[in-house]
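Asker: Below you'll find the structure I mean.
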Amino acid sequence: MWAFIHKLGSPKWFYGISARLSPWFWAAAALLIVVGSVWGLAFAPADYQQGNSFRIIYVHVPAAFLAQSIFVSMAIAGFVFMVWKIKVADMAAAMMAPLGAAMTFVALFSGAVWGVPTWGTWWMWDARLTSMLILLFLYFGVIALRGAFSSRDSASRAASVLAMVGVINIPIIKYSVDWWYTLHQPATFSVTSRPAMPVEMWVPLLIMVLGFYCFFIAVTLMRTRSEILRRESNKRWVRELAGEVT
Amino acid sequence: MSLRLQARKLACERDDRWLFQDLDLDIHAGEIVRVEGPNGSGKTTLLKILSGQLADFDGELYWNEQPMRRTRQDFLANLLYLGHAPGVKATLTPLENLAWYQALAGEPDDEPARFAALAAVGLVGFEDLPAGQLSAGQQRRVALARLELIPRALWVLDEPFTAIDRDGVADLEARLAAHARRGGCVLVTTHHELADTPALRRIRLGQEARDAEL
Amino acid sequence: MPNSDPHLVQQADAVRLFREPEGGAGVAIRATLKRDLVLLMRRRSEVLNPLVFFALVITLFPIGISPDPELLATIAPGLLWVAALLAALLSLDSLFRSDYEDGSLEQLLLSPQPLPALVLAKVAVHWLLTGLPLALMAPILGIMLALPAGSYAVLALSLALGSASLSLIGAIGAALTVGLSRGGVLLSLLVLPLYIPVLIFGAGAVQAAIFGEGVAAHLAILGALLAVALILAPWAIAASLRISING
Amino acid sequence: MAFESLSAFLAMGGHGPYVWAAYGATAALLLGVTLHARAERRALLRDLRRRARREQRRGASTPDSHQEGHARES
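Chains as they are written, first to last, in the working numbering: chain A, 10 to 255; chain B, 624 to 837; chain C, 35 to 281; chain D, 27 to 100.
In structure tokens:
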């Protein structure tokens with residue numbers, strides 16, 4: 010077990026194994042997202058209440074899922090880095106943050122666009138959108154904190170702590186925002202909270218969610234590999250690698 | 624064209640303590656003037672006054688026999704000052720740093736000259752790395768490359784030998800001597816002992832300060 | 035005179051050593067613009083942080099007051115202007131700070147070029163990467179605060195004009211406090227009172243646009259404030275920097 | 027198939043602009059992230075190669091540059 014963890018922690022080993030894994034994730038992501046989109050856009054039935062604008066759910070919900078999952082993964086990676094001093098975990102965490110922020114942005118943007126036909130306005134301080142917006146700020150905080158340090162080691166530790174603090178805070182934020190929202194506006198229609206979906210609606214959604222997760226893994230593997238090259242550029246094996254490529 | 628920097632009855636008080644009083648200076652072309660004195664004796668302050676950065680002093684400064692107030696523009700066009708801080712931006716590469724200094728000095732943009740200046744201070748191969756990734760000594764060398772890049776008659780150097788290795792120290796000392804030989808003039812503070820040459824002159828600070836306290 | 039054997043080559047060198055004060059101010063200004071742009075583009079967080087701060091402050095108000103669009107619409111012009119002003123203020127502290135710390139500021143002051151023009155270049159870069167992005171971002175936040183239609187263009191325009199004045203005025207404060215290790219709060223105390231006229235006419239322009247009145251007068255006054263700031267502030271900044279460096 | 031014709035599919039029952047804007051933005055972002063990751067990797071490999079070359083150059087030229095510095099001064 011320990012040997013395995015430390016093997017996983019070696020950047021060189023990770024660089025090799027991720028090179029073998031990542032094509033599969035890229036292929037799966039492309040396939041699932043294309044199938045899911047076509048299914049969701051053209052074959053899934055329209056919603057009886059919202060009509061075709063409901064199809065936005067097939068990008069909004071996967072993005073929102075991913076936005077939250079990436080923050081949790083980032084916190085876990087930070088924890089692994091802090092406890093076992095595994096540098097690859099920190100590199101992965103560093104690479105996840107911008108992707109998470111991008112996904113949060115997609116969720117917010119698609120939510121706002123969805124709001125126009127649903128509420129007649131681009132933005133409502135709806136509980137979900139508000140917590141999503143706060144999540145975006147949390148991401149910006151982590152990214153900015155990492156960029157603010159000149160020493161990489163302190164930056165890594167500070168960003169890990171902030172990610173862990175954030176992940177503890179996310180449920181608290183979520184519940185308090187929900188409470189705040191019901192206080193001001195007794196439960197009106199929320200974009201995504203709805204009764205049980207029929208099968209032909211949730212299967213494409215599931216496919217899209219899986220596709221987004223594969224995409225997240227593929228991008229993280231690829232960018233972590235880049236980050237390994239960046240940070241380990243003084244190591245012998247990286248130099249040999251650079252020599253081979255020429 | 625001559626070069627002459629004079630000071631008459633220079634006196635500077637800091638925190639109710641006279642750093643120096645009645646200091647008369649007459650500095651000519653071809654001289655290396657080493658300002659000496661223990662820590663806190665006002666070496667840096669004197670250099671800042673003589674380079675026109677501090678206005679808070681008594682006495683008069685003359686540049687080429689004219690009062691400094693009237694010839695400040697001409698004085699600045701002939702001055703090259705290196706302070707305690709190297710003035711090198713960590714996020715810019717040495718080349719970019721020098722490009723700014725070149726433009727700031729009113730020199731035409733000249734990339735080969737910048738490469739040559741960096742080569743002269745032993746920074747071949749470091750030209751396009753962010754200066755923040757260089758060591759303290761290398762950053763100091765980037766600042767010293769300005770001596771090579773920007774032709775100026777009067778060099779005012781505050782501790783230029785800081786963080787420089789032994790080869791660099793020898794190089795720099797040779798460069799100071801060469802500058803004096805060419806008709807330039809160097810005003811320098813340093814803890815490094817400069818080799819005695821006819822061009823070298825010493826000004827000792829700190830004696831008055833200590834006497835006053837006793 | 036200790037000046038010994040003048041070689042032929044060395045004499046040629048000596049001629050090159052002595053210089054008359056000459057032009058080249060344009061070159062120096064352009065180089066300073068380029069350098070500061072490159073510096074800020076390399077430290078992107080310094081550009082992004084004020085924008086995130088702006089959005090974050092705007093988010094706090096609906097949470098603290100009420101998400102009711104009608105209520106938000108009435109306070110939106112003032113909120114947007116105050117938040118943008120604070121965001122611009124936040125970024126000012128770093129305007130001269132790093133130059134001061136690494137010694138390039140004293141080199142700037144010792145350059146034979148006109149200092150007011152050089153600091154104007156620095157302030158221009160600050161506005162380009164802080165004030166202008168804030169102005170462009172404000173309409174998006176306006177949507178979130180249910181700002182009434184028809185005032186979005188005026189909001190962006192008034193912020194673009196006003197933030198230029200804010201950068202110029204704020205730079206005076208930044209120059210005065212650059213030598214102090216904890217100048218941040220002091221800077222706000224110095225500068226915020228001076229921002230009030232810009233705030234009055236900036237927020238006023240947006241209000242006027244909402245009520246369908248003419249906005250030309252407000253914008254003209256903002257332009258006039260900017261003109262005055264452009265004429266006077268560079269000299270004040272240069273003088274303040276000299277004072278700070280002397281200290 | 028939920029739509030009768032291509033035009034009906036594009037119109038999305040009047041919600042076309044919103045649906046396509048949401049999908050378009052998402053697709054652009056996914057594509058942008060992918061391309062950025064690829065460009066980043068290429069730039070890094072290029073830098074590594076350049077650095078390897080520079081180190082060769084430095085190893086070869088350091089003594090020369092020192093001499094050059096002295097020659098300039100004397």
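We treat Cβ as the ideally placed atom computed from N, Cα and C, and that holds for glycine.
What is the DSSP secondary structure of GLY660 (chain B), reduced to helix, strand or coil?
Answerer: Coil, per DSSP.
Asker: For LEU721 (chain B), decide whether its Cβ has a neighbour in chain C, counting only Cβ atoms nearer than 8 Å.
Answerer: Chain C, which has no Cβ nearer than 8 Å to the Cβ of LEU721 (chain B), makes this no.
Asker: Buried or exposed for SER27 (chain A), going by 16 or more other Cβ atoms inside 10 Å?
Answerer: By the neighbour-count rule (16 or more Cβ atoms within 10 Å), SER27 (chain A) is buried.
Asker: PHE245 (chain C): buried (16+ other C-beta within 10 angstroms of its C-beta) or exposed?
Answerer: Answer is exposed; the Cβ neighbour count stays below 16.
Asker: Quick check on THR113 (chain A): does DSSP put it in helix, strand or coil?
Answerer: In this structure, THR113 (chain A) counts as helix in the three-state DSSP scheme.
Asker: Could you please give the first and the last residue of the uninterrupted beta strand (DSSP E) stretch that includes GLN644 (chain B)?
Answerer: That run of the beta strand (DSSP E) goes 640-651.
Asker: What residue range does the beta strand (DSSP E) around VAL779 (chain B) cover?
Answerer: That run of the beta strand (DSSP E) goes 777-781.
Asker: State the start and end residues of the unbroken beta strand (DSSP E) segment that holds ASP681 (chain B).
Answerer: Taken as a continuous stretch (DSSP letters only), the beta strand (DSSP E) holding ASP681 (chain B) covers 681-686.
Asker: Quick check: is the beta carbon of GLN696 (chain B) nearer than 8 Å to any beta carbon in chain C?
Answerer: Judged by the 8 Å Cβ criterion, GLN696 (chain B) is in contact with chain C.
Asker: Going by alpha carbons, who is nearest to ARG566 (chain B) out of B:LEU721, B:ALA766 and B:PHE680?
Answerer: Beyond the ends of chain B as shown, which are 624 and 837, falls residue 566 (chain B); an answer cannot be given.
Asker: Chain B partners of VAL212 (chain C), CB-CB under 9 Å?
Answerer: Per Cβ cutoff of 9 Å: no residues; VAL212 (chain C) is ~13 Å from chain B at best.
Asker: Short check: CB of PRO661 (chain B) to CB of GLY829 (chain B), under 8 Å?
Answerer: Cβ atoms of PRO661 (chain B) and GLY829 (chain B): closer than 8 Å.
Asker: Under 8 Å, CB to CB, which of the residues in the stretch 209-240 of chain A have a partner in chain D?
Answerer: Those would be PHE224, VAL228, MET231, ARG232, ARG234, SER235, LEU238 and ARG239, in chain order.
Asker: Quick test of your reading: ALA53 (chain A) and PRO180 (chain A), contact by CB under 8 Å. State the CB separation rounded to the nearest angstrom.
Answerer: About 31 Å separates the two Cβ atoms, so there is no contact after all.
Asker: Would you mind stating whether ALA136 (chain A) and VAL186 (chain A) have Cβ atoms separated by less than 8 Å?
Answerer: Contact: yes.
Asker: Let me confirm a value: THR233 (chain A) is counted as buried when at least 16 other C-beta atoms fall within 10 Å, else exposed. Which label applies?
Answerer: Per the 10 Å Cβ criterion, buried.
Asker: Bridge partners for ALA634 (chain B) per DSSP, in chain order?
Answerer: Note: ALA634 (chain B) sits in a beta bridge opposite B:ASP681.
Asker: Let me make sure I understand the geometry here. Which of A:MET210, A:GLY60, A:ALA36 and A:GLY156 has the alpha-carbon closest to that of MET104 (chain A)?
Answerer: Nearest C-alpha to MET104 (chain A): A:GLY156.
Asker: Buried or exposed for SER19 (chain A), going by 16 or more other Cβ atoms inside 10 Å?
Answerer: Exposed is the call here.
Asker: Could you name the residues of the same chain whose beta carbon sits closer than 6 Å to that of GLU241 (chain A), not counting the 5 residues immediately before and after it, in chain order?
Answerer: Within the same chain, GLU241 (chain A) has close Cβ partners PRO20 and VAL247.
Asker: Quick check on DSSP: helix, strand or coil for THR785 (chain B)?
Answerer: Three-state result, THR785 (chain B): coil.
Asker: Using a Cβ-Cβ distance cut-off of 8 Å, determine whether SER674 (chain B) contacts chain C.
Answerer: Judged by the 8 Å Cβ criterion, SER674 (chain B) is in contact with chain C.
Asker: Considering only their Cβ atoms, is the gap separating PRO268 (chain C) from LEU154 (chain C) smaller than 8 Å?
Answerer: Closer than 8 Å, so yes.
Asker: Of the residues B:GLN696, B:ALA793 and B:GLU654, which one's Cα is nearest the Cα of ARG805 (chain B)?
Answerer: Closest option to ARG805 (chain B), Cα to Cα, is B:GLU654.
Asker: Which residues in the same chain have their Cβ closer than 6 Å to the Cβ of ASP99 (chain A), if we skip the five residues on either side of it in sequence?
Answerer: PHE90 and SER165.
Asker: Under 7 Å, CB to CB, which of the residues in the stretch 109-124 of chain A have a partner in chain D?
Answerer: The residues in question are ALA111, VAL115, PHE118, SER119, VAL122 and TRP123.
Asker: I need the straight-line Cα distance from GLY98 (chain C) to LEU106 (chain C), nearest angstrom please.
Answerer: Answer to the nearest angstrom: the Cα atoms are 11 Å apart.
Asker: Just reading off the alpha helix (DSSP H) that ARG232 (chain A) is part of, what are its end residues?
Answerer: Segment 208-240, the alpha helix (DSSP H) holding ARG232 (chain A).
Asker: Starting from the Cα of SER125 (chain C), find the closest Cα among C:ILE277, C:SER197 and C:ALA261 and give me that residue.
Answerer: When only C-alpha atoms are compared, the closest one is C:SER197.
Asker: Check this for me: beta carbons of ALA73 (chain A) and ALA172 (chain A), under 8 Å apart or not?
Answerer: Taking 8 Å as the Cβ cut-off, ALA73 (chain A) and ALA172 (chain A) do not qualify as a contacting pair.
Asker: Using only the alpha-carbon positions, how far apart do GLU816 (chain B) and LEU705 (chain B) sit?
Answerer: Those two C-alpha atoms are separated by around 19 Å.
Asker: State the CB to CB distance for the pair PHE118 (chain A) and ALA51 (chain D), rounded to an integer number of angstroms; the pair is presumed to be in contact (CB under 8 Å).
Answerer: Yes, PHE118 (chain A) and ALA51 (chain D) are in contact; Cβ-Cβ is about 5 Å, under 8 Å.
Asker: Whose C-beta lies closer than 7 Å to the C-beta of MET231 (chain A) among residues of the same chain, with five residues either side of it excluded?
Answerer: Contacts found: SER31.
Asker: Going along the stretch 76-93 of chain C in order, which residues come within less than 8 Å of chain A, judged by CB to CB distance?
Answerer: Those residues of the stretch 76-93 of chain C that come within reach of chain A (Cβ to Cβ, closer than 8 Å) are ARG77, ARG78, SER79, LEU82, ASN83, VAL86, ALA89, LEU90 and THR93.
Asker: Whose C-alpha, out of C:LEU120, C:ILE265 and C:VAL232, is nearest the C-alpha of ALA254 (chain C)?
Answerer: Nearest option by C-alpha distance: C:VAL232.
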